[in-house]
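Asks:
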Amino acid sequence: MSYAVATPSADHFRQPRTRRLGVVATAAIITSLAWLAGHLAGVDYLVVTPLSARPITLGLVAAGTAAAGSAGWALLVFLERHTRRARVIWTALALAVLTSSLVPIFVFPADAPTRVTLGVLHCLAAAILIPGLRHAGLRHTR
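Number 12 in numbering that gives the first Met the number 0 belongs to position 13 of the sequence shown; there are no gaps in the numbering.
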């Protein structure tokens, strides 16, 4: 007698945590590559703060994206556990954070290419993180 054993697809084993980690890592990698493209194009990434001139380095972009993504992920998990409309609330908060993160780019002195590129980096990170984290936690059924 022979039995057929159904084997679940690879997607069955991918937990929301793994998918969300992938989203955060992807955002950090993509923003790092975009930073590098700007650097190769001659963007100096120098922003003058009240304390001093501050270069926005590749490491700062990668770490900042990963930190923002991780914080967003943690907040989304918290909301999913404590509210019924977690994704709606989280998306509104994420868009508010994106908007507020753009303000310093235009407040502190920097040249136009730096401002534009930093704005693009912020929007690029949000374009990956917001839909990616929202949808990575959904349970897929077949």
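Even glycine gets a Cβ: it sits at the ideal position worked out from N, Cα and C.
Between the C-alpha atoms of A65 and A126, what's the straight-line distance to the nearest angstrom?
Replies: Straight-line Cα distance between these residues: approximately 14 Å.
Asks: Looking at the secondary structure, which residues open and close the alpha helix (DSSP H) in which R114 lies?
Replies: Note, R114: alpha helix (DSSP H), 111-135.
Asks: Does the beta-carbon distance from F105 to T48 come in below 8 Å?
Replies: Not closer than 8 Å, so no.
Asks: Tell me whether L45 sits in a helix, a strand or coil according to DSSP, three-state version.
Replies: Correct three-state label for L45: strand.
Asks: Using the Cβ count rule (16 or more neighbours within 10 Å means buried), how would you classify T116?
Replies: The residue in question, T116, is buried, as its Cβ has 16 or more Cβ neighbours within 10 Å.
Asks: In terms of DSSP beta bridges, what is A52 paired with?
Replies: Answer by DSSP bridge pairing, in chain order: V47.
Asks: Which same chain residues end up closer than 7 Å to H11 when comparing Cβ atoms and leaving out the 5 residues on each side of it in sequence?
Replies: Legend: pLDDT at H11 = 47, less than 50; position of this residue unreliable, no value from coordinates given.
Asks: If you reduce the DSSP assignment to three classes, tell me which class F107 lands in.
Replies: Of the three classes helix, strand and coil, the one that applies to F107 here is coil, per DSSP.
Asks: Taking 8 Å as the threshold (C-beta atoms), are G131 and V22 in contact?
Replies: Against a cut-off of 8 Å, the Cβ pair of G131 and V22 comes out as a contact.
Asks: If I measure Cβ to Cβ from T82 and keep anything under 8 Å in the same chain, skipping five residues before and after, which residues do I get?
Replies: Here the set comprises I88.
Asks: When you compare only the Cα positions, how much space is there between T56 and L20?
Replies: Computed Cα separation, rounded: 23 Å.
Asks: I need the DSSP call for R84, collapsed to helix, strand or coil.
Replies: R84: coil per DSSP, three-state reduction.
Asks: Residue range of the alpha helix (DSSP H) that A40 falls in?
Replies: First-last for A40: undefined, no H or E at that position.
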